[in-house]
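Student: Residues 1 to 121 (full-length UniProt numbering) are what the sequence shown spells out, left to right.
Where is the CB? At the ideal position from N, CA and C, for every residue including glycine.
Remember, it's a predicted structure, so these values are computed and weren't measured experimentally.
I am attaching a structure below and will ask some questions about it afterwards.
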Amino acid sequence: MLAAFSLDADAVYVGTRLIATPEAQASEEYKKMLIDSGPEEIVYTEKISGIPANWLKKSVEKAGDLSHSGQSQNLDQEYKRWRDIWSAGHGVAQIQGLIPAREVVLGMAKEYSDILNRLPR
1 MLAAFSLDAD AVYVGTRLIA TPEAQASEEY KKMLIDSGPE EIVYTEKISG IPANWLKKSV
61 EKAGDLSHSG QSQNLDQEYK RWRDIWSAGH GVAQIQGLIP AREVVLGMAK EYSDILNRLP
121 R
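Right under this line is the structure:
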């Protein structure tokens, strides 16, 4: 965060880390997969949605053949398939367990402050 702000960013994007919180509406299976995954289990591809993005490799493998996605007449079947293909960023490496969102944000603020205070003045 500090690096981004020092380069004049107005904000930082945090997604993956906040999915693995009790408050997130994600499925428990998704949260567990985030906790159990590392950056080597992230797949970057446009083949899922047509837009390049990061996906959890295990969820992609579990979904099976996606070559005909979007062509099915059964919309309910298509929805179920896509519901369980989960995205994640490389920040997945920082996820050690299910921690309340408040603690995650406070931890990020503390880390920011600690690093800022160590910088030469």
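(1) Have a look at Glu23, Glu61 and Lys58 and flag the residue whose alpha-carbon is nearest the alpha-carbon of Arg102.
(2) Determine the extent of the alpha helix (DSSP H) in which Ala53 is found, giving its start and end residues.
(3) From what residue to what residue does the alpha helix (DSSP H) around Thr16 run?
(4) Do the CB positions of Leu34 and Ile19 come within less than 8 Å of each other?
(5) Do you know offhand how far Leu116's Cα is from Ala109's?
(6) Alpha carbon to alpha carbon, what distance is there between Asp114 and Ser87?
(7) Taking just the CA atoms, how far does Leu106 sit from Pro52?
(8) What number of angstroms, rounded off, separates the C-alpha of Thr45 from the C-alpha of Leu56?
(9) For Ile42, report the span of its beta strand (DSSP E) as first-last.
(10) Could you check which residue in Glu111, Arg83 and Gln94 has the C-alpha nearest to that of Glu40?
(11) If you draw a straight line from the alpha carbon of Lys47 to that of Arg17, how long is it in whole angstroms?
(12) Is residue 163 helix, strand or coil by DSSP?
Tutor: Once the coordinates are examined:
(1) Glu23
(2) Taken as a continuous stretch (DSSP letters only), Ala53 belongs to no alpha helix (DSSP H), being part of the beta strand (DSSP E) at Ala53 to Leu56.
(3) Thr16 -> alpha helix (DSSP H) spans Thr16 to Ile19.
(4) yes
(5) 10 Å
(6) 30 Å
(7) 31 Å
(8) 11 Å
(9) First-last of the beta strand (DSSP E) with Ile42: Ile42 to Thr45.
(10) Glu40 has its Cα closest to that of Gln94, out of Glu111, Arg83 and Gln94.
(11) 24 Å
(12) It is not possible to answer for residue 163, since the shown part of the chain is limited to 1 through 121.
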